[in-house]
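Everything on this sheet refers to the single structure shown next.
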Amino acid sequence: MTETGGECCAPITRAPLSESAAAELAVLLKAVADPVRLRLLSMIGSHAGGETCVCDLTDAFDLTAPTISHHLKVLRTAGLIGSERRGTWVYYWIIPDVVNKLGALFTPLTASSSLPVEVALASV
Numbered sequence: 000m001t002e003t004g005g006e007c008c009a010p011i012t013r014a015p016l017s018e019s020a021a022a023e024l025a026v027l028l029k030a031v032a033d034p035v036r037l038r039l040l041s042m043i044g045s046h047a048g049g050e051t052c053v054c055d056l057t058d059a060f061d062l063t064a065p066t067i068s069h070h071l072k073v074l075r076t077a078g079l080i081g082s083e084r085r086g087t088w089v090y091y092w093i094i095p096d097v098v099n100k101l102g103a104l105f106t107p108l109t110a111s112s113s114l115p116v117e118v119a120l121a122s123v
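For the sequence shown, counting from 1, position 110 maps to 109 in numbering that gives the first Met the number 0; every step adds exactly one.
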C-alpha cells in the first residue's frame, strides 16, 4: 500500500507458494543465481535457430572448458536446458516450460493475466 492507501504494484501471485512449489522454484533460482550460468542461459535462449553448440559458448568466457561444462550441467540438471551430442560437439537449447516458471514468478498479475505460479508449476 502507498501512503494514499492505494496499491503500489500488482501482486505477483494469487496465493502463497506451497512448500513443494517453493522447493521447485528454489532449484531453478539457485541454478541461475550464478553470473556465468545466467549468461549461458541467455546466450542459449537468444541464439538463432533455438539451439547452440558448446563451441559457440566457450569462446565467450575466460574460463576453462571443464568449468563451462560444469555450469551447463547445473542448468541441465535443473531442467532449464536440454542437450544432445552430435559427433564431437554438444548442442544446447532452452526448455521453454521450465524457463517460463521463472518468468511467471516475477510477472505481476493483472486482470488479463494468465494462471498463477502454482498452476503454472503444476502444468509441467
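Quick reminder that beta carbons are idealized off the backbone N, C-alpha and C, glycines included.
C-beta atoms of residue i and residue j nearer than 7 Å
| i | j | result |
| --- | --- | --- |
| Tyr91 | Thr51 | yes |
| Ile43 | Ile94 | no |
For residue i, the residue or residues it bridges with in DSSP
| i | result |
| --- | --- |
| Thr130 | Summary: the structure shown does not reach residue 130, with the chain confined to residues 0 through 123, and so no result is reported for it. |
| Glu83 | Tyr90 |
Selection from the options that minimises the alpha carbon distance to residue i
| i | options | result |
| --- | --- | --- |
| Leu69 | Ala30, Leu16, Ala25 | Correcting the residue type first, residue 69 is His in the shown sequence and not Leu. For the residues Ala30, Leu16, Ala25, the minimum Cα distance to His69 belongs to Ala30. |
| Val97 | Leu24, Arg36, Ala59, Ser45 | Leu24 |
| Asp58 | Leu39, Ala22, Pro34, Arg84 | Leu39 |
Rounded straight-line distance, which links the Cα of residue j to that of residue i
| i | j | result |
| --- | --- | --- |
| Cys54 | Glu18 | 39 Å |
| Ala110 | Leu101 | Since pLDDT at Ala110 reaches only 47, below the 50 mark, its modelled position is unreliable, and the value read off the structure follows with that caveat. Going by the C-alpha atoms only, they are around 20 Å apart. |
| Ala20 | Leu108 | 18 Å |
| Ala32 | Val73 | 11 Å |
| Val123 | Val89 | Legend: pLDDT at Val123 = 43, less than 50; position of this residue unreliable, value from coordinates given subsequently. Cα-Cα distance, rounded: 25 Å. |
| Val26 | Gly86 | 31 Å |
| Leu28 | Gly78 | 12 Å |
| Ser82 | Arg75 | 8 Å |
| Ile16 | Ala103 | Looking at the sequence provided, one finds Leu at residue 16 rather than Ile. Distance between the alpha carbons of Leu16 and Ala103 is about 12 Å. |
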